[in-house]
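Numbering of the sequence shown is given in my numbering, commencing with residue 312 and proceeding in unit increments.
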Amino acid sequence: MSTDRTEPPVTAFMLVKTTPEWLALTVPERVEAFATQVVPVIEARTRGVRSRFYDTEFYSARVTDVWVWEADDHDAYRLLIDALRETPFWDRYFDVVDLLVGTENGYARTYGVEPLATFAT
């Protein structure tokens, strides 16, 4: 078993639900609000984070979107959450319903084995 203890990347599945305030904005206003009120704060206060956004409102009544964040490490993830909490994104435009945070194939890193869940067909 390997004793290598490098910190694995962190993946967070942020389940959010739009608020009436967000939905009251036109699409151009939403784009502008996100570009001017959220993105600059993330860029100024974080490092080593990437995101993908999934629309789910047509499949779920509980959440409207899933925002998948990848962070280089736990500190980068912490900086991201701290930054988002300082913007209208958090609790004004969106309700954060749940955060599911993990590391890909963590069991394989722990036990020094090849991942079993990641394969190509």
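Every residue gets a Cβ at the ideal spot worked out from N, C-alpha and C, and that includes glycine.
- prompt: Looking at C-alpha atoms only, which residue of 362, 340 and 395 is the closest neighbour of residue 383?
  reply: The shortest C-alpha separation from residue 383 is found at 362.
- prompt: How many Å lie between residue 387 and residue 333 at the Cα?
  reply: The straight-line gap from Cα to Cα measures roughly 27 Å.
Neighbourhood of residue 349 by C-beta distance below 6 Å, restricted to the same chain and skipping five residues each side: 398 and 400
field: Secondary structure of residue 381, DSSP reduced to three states
entry: strand
query: Any contact of the stretch 388–395 with the stretch 415–426, i.e. 3+ C-beta pairs under 8 Å?
result: Note that the stretch 388–395 does not touch the stretch 415–426; fewer than 3 beta-carbon pairs, one per stretch, sit closer than 8 Å.
task: Taking 8 Å as the cut-off, decide whether the C-beta atoms of residue 327 and residue 408 are in contact.
output: yes
task: Could you pull out every residue in the same chain whose Cβ sits closer than 7 Å to the Cβ of residue 364, ignoring the five residues on either side in sequence?
output: 376 and 378
Close Cβ partners of residue 410 (< 7 Å) along its chain, the five nearest in sequence each way excluded: 323 and 325
message: According to DSSP, is residue 396 part of a helix, a strand, or is it coil?
response: helix
Residue 299 versus residue 329 - alpha carbon distance: Residue numbering for the chain in the displayed model covers 312 to 432; residue 299 lies beyond these limits and cannot be assessed.
Proximity to residue 320 [Cα-Cα], best of 372, 340, 342 and 359: 359
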